[in-house]
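Trainee: Residue numbers (numbering that gives the first Met the number 0): 0 to 265.
Before I ask anything, let me first share the structure, which is written out below as structure tokens.
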Amino acid sequence: MTPGCNPDPTSRSSPDRGRFWIRSCPSPAAGQEWICVTDYDAFATAYAAETETSLLNAWYCRPAMLGLSGDVAGRRVLDAGCGSGPLTAALRDRGAIVSGFDLSAAMIDLARERLGADADLSVADLAEALPYDDRTFDLVVSSLSLHYLADWNPPLTEIRRVLRPGGRLVVSVPHPAAYMFNYPDRDYFAVTQYSEEFEFDGRAAVLTYWHRPLHAMTDAFTKAGFRIEVVSEPPWAPDTPPELLPADLGDRTAFVCFLFFVLEPS
Numbered sequence: 000m001t002p003g004c005n006p007d008p009t010s011r012s013s014p015d016r017g018r019f020w021i022r023s024c025p026s027p028a029a030g031q032e033w034i035c036v037t038d039y040d041a042f043a044t045a046y047a048a049e050t051e052t053s054l055l056n057a058w059y060c061r062p063a064m065l066g067l068s069g070d071v072a073g074r075r076v077l078d079a080g081c082g083s084g085p086l087t088a089a090l091r092d093r094g095a096i097v098s099g100f101d102l103s104a105a106m107i108d109l110a111r112e113r114l115g116a117d118a119d120l121s122v123a124d125l126a127e128a129l130p131y132d133d134r135t136f137d138l139v140v141s142s143l144s145l146h147y148l149a150d151w152n153p154p155l156t157e158i159r160r161v162l163r164p165g166g167r168l169v170v171s172v173p174h175p176a177a178y179m180f181n182y183p184d185r186d187y188f189a190v191t192q193y194s195e196e197f198e199f200d201g202r203a204a205v206l207t208y209w210h211r212p213l214h215a216m217t218d219a220f221t222k223a224g225f226r227i228e229v230v231s232e233p234p235w236a237p238d239t240p241p242e243l244l245p246a247d248l249g250d251r252t253a254f255v256c257f258l259f260f261v262l263e264p265s
């Protein structure tokens, strides 16, 4: 599944509220019904509303992705796993010629409402062959999407195929250290499937991800024919409203649990 950024962890009630956003899910809470992990269409509207203005999305992930994308005016940009399109729209506002895709048809409908009926948006699976010609894009952005996939080689190989010579890929993923902090008894070095629970419209949604140690990420990039140009662990956006920052996340030096890469074809 390829949505946009994950919801704000500080919106959940938990003893660790605001500390880390990874949380295991052994069973649904009493009186709650789990939504199937792949059924994003069932809560697309609520998901999009949550991620539109949340702390981690509006004031952290999107600003970081935009900053690393650089000057996009006049460039062809693909948003791989665009969700409802907030990052796609922000890139277009900066002059990019944008395309986007997501596995969820409902998310693409929301993105089309945002970007217009004639926007170049598709329902597609990041794990499959992409519906674009070779060497189409100057830039591909993929914001918190790869960690839904067990195997990174097919999507990275496809992204490299659709990039033009000199193009770049900007990726954000959960920081692998967060898994180690939250699951100290598990094997950090193993590629491991895990789940966490969110609540949308009163229903619990269990989303399943894949943890990778840092070396597995960099190995996957290299295997797919990329070289790493930038590794970034940015602070909050400088203009983040102070009232949005919980006490245990308010320090601009706090560990926010995301990791960003800028990659170029080798």
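Using N, Cα and C, we set each Cβ at its ideal position, and we do this for glycine too.
All of these numbers come straight from a predicted model, not from anything done at the bench.
(1) Below 7 Å between beta carbons: does that hold for Tyr-46 and Phe-199?
(2) Does DSSP classify His-210 as helix, strand or coil?
(3) Ordered along the chain, which non-local residues of its own chain (more than five positions away) have a Cβ less than 7 Å from that of Pro-212?
(4) Might you give, ordered along the chain, the residues of its own chain that have their beta carbon closer than 7 Å to the beta carbon of Ala-126, omitting 5 neighbours on each side?
(5) Closest to Phe-254 by CA distance: which of Glu-263, Ala-215, Ser-231 is it?
(6) Would you kindly check if the distance between the Cβ of Thr-135 and the Cβ of Val-161 is under 7 Å?
(7) Could you tell me which residues DSSP pairs with Phe-257 in its beta bridges?
(8) Run through DSSP, which three-state label would Glu-263 get?
(9) Please identify the residue among Asp-133, Asn-181, Ile-158, Gly-94 whose C-alpha is closest to the C-alpha of Ala-223.
(10) According to DSSP, what are the bridge partners of Thr-217?
(11) Is Arg-22 helix, strand or coil when you go by DSSP?
(12) Pick helix, strand or coil for Ser-267, following the three-state DSSP scheme.
(13) Does the beta-carbon of Gly-94 have 16 or more other beta-carbons within 10 angstroms, so that it is buried, or is it exposed?
(14) Tell me whether Gly-66 is buried or exposed, calling it buried when 16 or more other Cβ atoms sit within 10 Å of its Cβ.
(15) Could you work out which residue in Ala-236, Leu-77, Phe-225 is closest to Phe-260 when comparing CA atoms only?
(16) Taking the alpha-carbon positions, what's the Ala-215 to Ala-89 distance?
(17) Would you give the residue range spanned by the beta strand (DSSP E) that Gly-66 belongs to?
(18) Going by DSSP, what residue range makes up the alpha helix (DSSP H) through Ala-110?
(19) Secondary structure at Arg-134, three-state DSSP: helix, strand or coil?
(20) Assign Thr-44 to one of three DSSP states: helix, strand, or coil.
(21) The alpha helix (DSSP H) that contains Ala-88, what's its start and end?
Mentor: This is what the structure holds:
(1) Cβ atoms of Tyr-46 and Phe-199: closer than 7 Å.
(2) Shown here, His-210 sits in a strand according to DSSP, grouped into three states.
(3) Non-local C-beta neighbours of Pro-212 in its own chain, meaning closer than 7 Å and more than five positions away in sequence, comprise Pro-175, Tyr-187, Phe-188, ordered along the chain.
(4) Within the same chain, Cβ atoms closer than 7 Å to the Cβ of Ala-126 are found at Leu-148, Pro-153, Pro-154, the five residues on either side in sequence being excluded.
(5) Nearest C-alpha to Phe-254: Ser-231.
(6) Their beta carbons are under 7 Å apart, which means Val-161 touches Thr-135 by this criterion.
(7) In DSSP, Phe-257 forms a bridge with Pro-173.
(8) Reduced to three states, the DSSP call for Glu-263 is strand.
(9) Ranking the options by Cα distance to Ala-223, first place goes to Ile-158.
(10) In DSSP, Thr-217 forms no bridge with anything.
(11) The pLDDT assigned to Arg-22 is 39, lower than 50, so where the model puts this residue is not dependable; a value taken from the coordinates is nonetheless given after this. Correct three-state label for Arg-22: coil.
(12) There is simply no residue 267 to check, as the chain begins at 0 and stops at 265 in what is shown.
(13) Gly-94 comes out exposed.
(14) Exposed, since its Cβ has fewer than 16 Cβ neighbours within 10 Å.
(15) Nearest to Phe-260 by alpha-carbon distance, out of Ala-236, Leu-77, Phe-225, is Phe-225.
(16) Each residue's alpha carbon lies about 31 Å from the other.
(17) For Gly-66, no beta strand (DSSP E) run applies; the uninterrupted alpha helix (DSSP H) run containing it begins and ends at 61 to 68, by DSSP.
(18) Residues 104 to 114.
(19) DSSP places Arg-134 in coil when its eight states are reduced to three.
(20) If DSSP states are grouped into helix, strand and coil, Thr-44 belongs with the helices.
(21) Here the alpha helix (DSSP H) through Ala-88 covers 85 to 92.
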